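Trainee:
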Amino acid sequence: TGVQTCAFPILCGDLLIAGSYDGTIRMWNTATWACVRTLDGHGEAIVSVVTAGGKLISGSLDNTIKIWSTTTWTCERTLTDHTNTVFALGLTPDGRKLLSSSDDMTVKIWDTTSWVCERTLQCDRAVWSLLVSGSTVFIGQDGGELDVFNWETGEKVGTLAGPTDVVRSFALSGGKLCS
30 TGVQTCAFPI
40 LCGDLLIAGS
50 YDGTIRMWNT
60 ATWACVRTLD
70 GHGEAIVSVV
80 TAGGKLISGS
90 LDNTIKIWST
100 TTWTCERTLT
110 DHTNTVFALG
120 LTPDGRKLLS
130 SSDDMTVKIW
140 DTTSWVCERT
150 LQCDRAVWSL
160 LVSGSTVFIG
170 QDGGELDVFN
180 WETGEKVGTL
190 AGPTDVVRSF
200 ALSGGKLCS
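This note's numbering puts the first residue of the sequence shown at 30, with every later residue one more than the last.
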């Protein structure tokens, strides 16, 4: 067991939220560092968490995405469109779309009101990471490729040479993409 991923969600105030290998989400009060809540619902490790519009969203090795209410802390919906591990989650700047990446070689784009998958971007390899910037999504794949898509149109606009291994994470800093 152990913590797999962390997020500091603004709308959850003083909570540190972490997805764990044991399939739970744990929350700690950042003033006292006491664990104040545990959510159980995934069958395997949770590898990504984000927040949007009063929701906590978690992605797991069990191939699912769960949508949790930040008011009742109950699971409101489970998205099952991915056929393999959900590695990463990202939100568009306005929070209206959720992007999810998977070992099934896809990135799915979800409407955060209806939770309907509106578009699927097909990639060449497992997608370990993603980063949304405006209408662009950078996609880190197994084998080191970084694909660049316009998530609004679904158009692939380029491929960047990356490391020769898995691109697990990256960030934009000062107009530069770092992986």
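Ideal Cβ positions, reconstructed from N, Cα and C, are used throughout, including at glycine. Since this is a predicted model, take the numbers as computed values, not measurements.
Using 10 angstroms around the beta-carbon of T93, count the other beta-carbons present and answer buried if the total reaches 16, otherwise exposed.
Mentor: buried
Trainee: Which first and last residues belong to the beta strand (DSSP E) in which L85 is found?
Mentor: Counting along the chain, the unbroken beta strand (DSSP E) around L85 starts and ends at 84 to 89.
Trainee: Is the region 131 to 149 close to the region 106 to 113, with three or more CB pairs under 8 Å?
Mentor: yes
Trainee: Restricting to runs no shorter than 3 residues, where is the beta strand (DSSP E) found entirely within the region 150 to 193?
Mentor: 156 to 162, 165 to 170, 175 to 179, 185 to 189
Trainee: Of all the beta strand (DSSP E) runs that stay within the bounds of the region 70 to 155, which reach a length of 3 or more residues?
Mentor: 75 to 81, 84 to 89, 94 to 98, 104 to 108, 115 to 120, 126 to 131, 135 to 140, 146 to 151
Trainee: Can you confirm whether the region 69 to 83 touches the region 43 to 54 when touching is taken to mean that 3 or more C-beta pairs between the two stretches lie within less than 8 Å?
Mentor: yes
Trainee: I believe D171 touches R154 by the beta-carbon criterion, under 8 Å. Please report the beta-carbon distance rounded to the nearest angstrom.
Mentor: Contact holds; Cβ gap of about 4 Å.
Trainee: In whole angstroms, give me the CA-to-CA distance for V76 and V166.
Mentor: 19 Å
Trainee: Ignore the nearest five residues each way along the sequence and tell me which others in F90's own chain have a CB closer than 6 Å to its CB.
Mentor: Reading off the sequence, residue 90 comes out as Leu, not Phe. If we look at L90 and ignore the five residues flanking it on each side, its Cβ neighbours are E73, A74, T114.
Trainee: Between the C-alpha atoms of N58 and V186, what's the straight-line distance to the nearest angstrom?
Mentor: 42 Å
Trainee: Identify, in the order they occur along the chain, each residue of the same chain with its Cβ nearer than 7 Å to the Cβ of G183, setting aside the five sequence neighbours on each side.
Mentor: R148, L150
Trainee: Could you work out which residue in F116, E174, V177 is closest to D133 when comparing CA atoms only?
Mentor: F116
Trainee: Check W62 in the structure and name its three-state DSSP category.
Mentor: coil
Trainee: Give every residue of the same chain whose Cβ lies closer than 7 Å to the Cβ of E181, excluding the five residues on either side of it in the sequence, and list them in chain order.
Mentor: S164
Trainee: Quick check: what's the CA-CA separation for W62 versus I46?
Mentor: 11 Å
Trainee: The beta strand (DSSP E) spanning G52 covers which residue range?
Mentor: Looking at the DSSP string, G52 is not in any beta strand (DSSP E), and its letter there is neither H nor E.
Trainee: Does S131 pass the burial test, meaning 16 or more other C-beta atoms within 10 Å, or should it be called exposed?
Mentor: Around the C-beta of S131, 16 or more other C-beta atoms lie within 10 Å, and the residue is accordingly described as buried.
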